[in-house]
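Trainee: Under our numbering, the first residue of the sequence shown is numbered 293, with each subsequent residue one higher. We put the beta carbon where it would ideally sit given N, CA and C, even for glycine. Predicted model only: the values in this text are computed from it and were never measured. Provided herewith is a single structure, encoded as structure tokens, for subsequent inquiry.
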Amino acid sequence: MTIAPGFTQWIPLPCGDFGRILRDPLGFQLRARERFGDVVRFRNGPFLIHFLYHPDHVRLVLHDRQRNYLRSWQYRLLQRLFGDNLVVSEGEFWMRERRLAQPAFHRERLAKYAGIMADATNRLLTRWREMAVAGQPFDVGPEMSRLALEIAGRTLFSRDVSGEADAVGNAFAVVGRYLERRFNNALSSPPVWVPTPNNARFKAARRTLNEIVMGFIRERRRAGGDEGDLLSMLIQVRDEETGEQMTDDQIRSEALTFLIAGHETTATALTWTLFLLASNSAIRQRVRDEVESVLGDRPPTMADLPRLGTTRMVIEESMRLYPPIWAITRQATADDHLGGFHIPARSMIVLSPFVTHRHPDFWEEPARFDPDRFNPERAAKRPKCAYFPFLAGPHQCIGNEFAMFEMRLIVALTLRQFDLELMPDQNIQPKASLTLRPNLPVRIKLRTLER
């Protein structure tokens with residue numbers, strides 16, 4: 293039995309190697325892979341963790357042997373806090389929910405969402421035009437968050453949630469800080485029922501989000517009909533095998549998960565994409581030339597997607613360098629061997645898209661922004677799981693095509709109207725929180741393009 297190399301810290305306090313992981317999880321893991329290789333073992337008091345970085349290991353954990361690697365305690369915490377949904381569930385319940393939700397993301401439904409996405413984006417760009425004329429720089433992150441939230445609200449619920457934007461945004465922020473604190477301080481964080489100020493703020497934020505979503509569900513139940521959105525589909529769909537429908541509580545949990553995950557990860561990915569484009573004029577011009585050639589003055593449709601290849605490659609390269617979901621955790625249910633090393637049962641498994649996406653054995657000059665890595669010829673030469681921003685295997689993100697369509701449309705419409713300039717003296721670096729966010733505001737200035 294060969295034990296993987298790595299670290300041992302017998303007292304699980306936020307100091308030593310564990311403290312370094314908490315302070316700089318990205319840098320720590322990059323250095324650990326360089327020092328120890330593709331399997332790194334970390335004994336932290338009673339806890340055993342294995343970090344896996346090779347694409348073959350990712351494939352085994354998420355696909356080939358996924359039944360042995362179930363969601364870890366972080367997902368179980370989310371399940372207790374928010375209820376069962378596709379993100380946290382396993383087994384038969386997960387399979388049933390996936391069958392019920394899948395039709396909402398079929399290509400014919402995505403095509404119907406194009407007009408919503410284009411309308412929301414164009415209204416944002418109209419406001420940006422005023423800032424461009426004034427030469428006013430701004431932080432692109434909050435702009436992308438508001439846009440993604442509007443699109444999520446209108447495609448999920450057929451309504452603009454901007455009226456609830458402050459309440460939703462504030463609740464998201466409270467929930468995000470709370471979960472990050474719980475994940476980083478698993479041993480010292482009191483249970484949610486303990487009446488601490490942090491727990492009280494979290495429960496109030498959770499109540500706000502649940503009440504907003506349940507309000508949407510009740511309104512739709514009263515009104516009836518099919519609005520062509522996700523909520524209508526979740527209310528009406530029946531399991532083909534059992535004839536069962538979702539309860540309102542199941543619909544709430546799924547819809548809330550789609551709202552949170554769909555808007556947060558998309559906004560983060562778009563922020564990084566616009567940051568990279570603003571930093572590279574040659575790539576910006578390539579995308580603009582492609583958009584002009586394919587679209588002219590008309591809005592994008594689903595039929596245009598295959599022809600927006602450069603736009604797609606830019607977004608994929610952005611998500612390689614800065615994957616919004618930067619780490620994925622699982623727990624081994626039985627002993628296994630990976631990469632020649634023993635993986636004992638109950639070991640926590642950490643997969644890191646951020647580290648694997650920068651693995652020098654599969655990515656030449658991995659820190660460089662090079663969208664051409666994703667042309668079909670070069671992409672075909674890499675192992676499939678060298679790139680997994682949307683996970684892989686049966687639990688691959690159900691909304692991946694939705695997100696890629698949305699991001700391509702937003703980037704195309706933006707570069708058709710504006711040139712982007714990154715404001716100088718910004719040391720933008722990735723910060724590992726619940727998603728991979730910039731450590732500082734990404735301030736850009738726009739120049740209106742004459743058409």
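#1: What are the start and end residues of the beta strand (DSSP E) that includes residue 740?
#2: Decide yes or no for the touch test of the region 708-721 against the region 413-429: beta carbon pairs closer than 8 Å, at least 3 of them.
#3: For residue 486, count the other beta carbons within 10 Å of its own beta carbon; 16 or more makes it buried, fewer makes it exposed. Which is it?
#4: Using CA atoms only, rank isn't needed, just tell me which of 463, 507, 509 is closest to residue 490.
#5: So, under 8 Å CB-CB, residue 397 and residue 690 are touching, yes? Tell me the CB distance rounded to an integer number of Å.
#6: Please report how far the alpha carbon of residue 438 lies from the alpha carbon of residue 553, in whole angstroms.
#7: Can you find the residues in the same chain that come closer than 6 Å, C-beta to C-beta, to residue 301, ignoring five residues on each side of it along the sequence?
#8: Grab the span of the beta strand (DSSP E) containing residue 722 for me, first residue to last.
#9: So, for residue 312: in the same chain, excluding its five sequence neighbours on each side, which residues have a beta-carbon less than 7 Å away from its beta-carbon?
#10: Quick one: Cα of residue 594 to Cα of residue 525, how far?
#11: List the whole-angstrom C-beta distance separating residue 560 from residue 616, where the pair is believed to meet the contact cut-off of C-beta under 8 Å.
#12: Helix, strand or coil for residue 638? Go by DSSP, reduced to three states.
#13: Which residue spans inside the region 362-450 form an unbroken beta strand (DSSP E) run of at least 3?
#14: Rounded to whole angstroms, what is the Cα-Cα separation between residue 676 and residue 612?
#15: Taking contact to mean at least 3 C-beta pairs separated by less than 8 Å, is the region 567-577 in contact with the region 711-727?
#16: Which class does residue 620 belong to by DSSP, given the choice of helix, strand or coil?
#17: Using the DSSP secondary-structure output, state which residues sit across from residue 680 in a beta bridge.
#18: Could you tell me the alpha carbon to alpha carbon distance between residue 563 and residue 294, rounded to whole angstroms?
Mentor: On the basis of the data shown:
#1: 735-740
#2: yes
#3: exposed
#4: For residue 490, the nearest C-alpha among the options comes from 463.
#5: That pair is a contact at about 6 Å.
#6: 14 Å
#7: 308, 309, 310, 336
#8: 722-724
#9: If we look at residue 312 and ignore the five residues flanking it on each side, its Cβ neighbours are 320.
#10: The alpha-carbon separation between residue 594 and residue 525 amounts to approximately 21 Å.
#11: 4 Å
#12: Residue 638: coil per DSSP, three-state reduction.
#13: none
#14: 13 Å
#15: yes
#16: strand
#17: Answer by DSSP bridge pairing: none, since residue 680 is not bridged.
#18: 43 Å
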